[in-house]
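So the sequence shown is numbered by full-length UniProt numbering: it starts at 1 and just counts up by one.
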Amino acid sequence: MFFEVGTLSAIKGRELNFDQWCKAMSIRIDDALGVHMRALGLHMKRTEILAANLANEDTPGYQARDLDFAAEMSRRASAPQFGESAQARLQYRMPAQAAQDGNTVELSVEQAAFAKSTSDFQTSLTFLNMKFRGLKQAIEGR
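Spelled out as C-alpha cells, the structure:
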C-alpha cells in the first residue's frame, strides 16, 4: 500500500499526517490483553495465600485465608492494570470442625482449592500466550 508523503489516506476518508495515523492505529497493551493479565495476577495471589495455608497446617491459632476471585475481579475492573496497588481483600475460611489449638486449616479443602487455583492460573497463562501470539502475528503482518 502506498501513501503520499506527508499524508495518509485513512479512516473514514480523512487525510491524516503520519503522527495522527500512528495514534489511530496504536493499541494499549492492557486493552489488547483484556482481563487476562488481571486474572493471572489474582490467580497468582490466591495460589500464594493457599500455599501459606498449607504451610501453616500445624501452626496453632493460624486462621486459613482465601480471596473471592470473582469479587476481586469485579472490584478491580476499573482500577489501573499495571502497577495496581489495590490489596486483595482476604477472607477467613470457617472450617467444618475447628482444631482444638484454634487452627482452621483443613488439609483436604486447602489441597483442592490449591489444585484448582493452579489450574486456573495455567488457563489464564494459556490465554495470555494466545493473545501475545495473535499480537505478534498482527505485527508481522500474517
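Note that beta-carbon positions come from the ideal geometry of N, C-alpha and C, so glycine has one too.
Grab the span of the beta strand (DSSP E) containing residue i for me, first residue to last.
{"i": "Gln-91", "result": "90-92"}
Using alpha carbons as the reference points, say which of the options lies closest to residue i.
{"i": "Tyr-62", "options": "Asn-53, Asp-68, Phe-69, Ala-70", "result": "Asn-53"}
{"i": "Ala-113", "options": "Met-44, Leu-50, Gly-34", "result": "Leu-50"}
{"i": "Asp-58", "options": "Ala-39, Glu-106, Leu-42, Met-130", "result": "Glu-106"}
{"i": "His-36", "options": "Gly-134, Ala-138, Asn-129", "result": "Asn-129"}
{"i": "Arg-38", "options": "Arg-142, Gln-97, Asn-103, Thr-123", "result": "Thr-123"}
Are the CB atoms of residue j and residue i within a distance shorter than 8 Å?
{"i": "Arg-65", "j": "Gln-91", "result": "yes"}
{"i": "Phe-127", "j": "Thr-47", "result": "no"}
{"i": "Glu-72", "j": "Leu-40", "result": "no"}
{"i": "Lys-116", "j": "Leu-33", "result": "no"}
{"i": "Leu-125", "j": "Arg-89", "result": "no"}
Taking DSSP's pairing of strands, which residues face residue i in a bridge?
{"i": "Leu-67", "result": "Leu-90"}
With H, G and I counted as helix, E and B as strand and the rest as coil, what does DSSP make of residue i?
{"i": "Arg-75", "result": "helix"}
{"i": "Asp-58", "result": "coil"}
{"i": "Arg-142", "result": "coil"}
{"i": "Met-37", "result": "helix"}
Need the endpoints of the alpha helix (DSSP H) that residue i sits in, please.
{"i": "Gly-102", "result": "Gly-102 -> no alpha helix (DSSP H), and no H or E assigned at all."}
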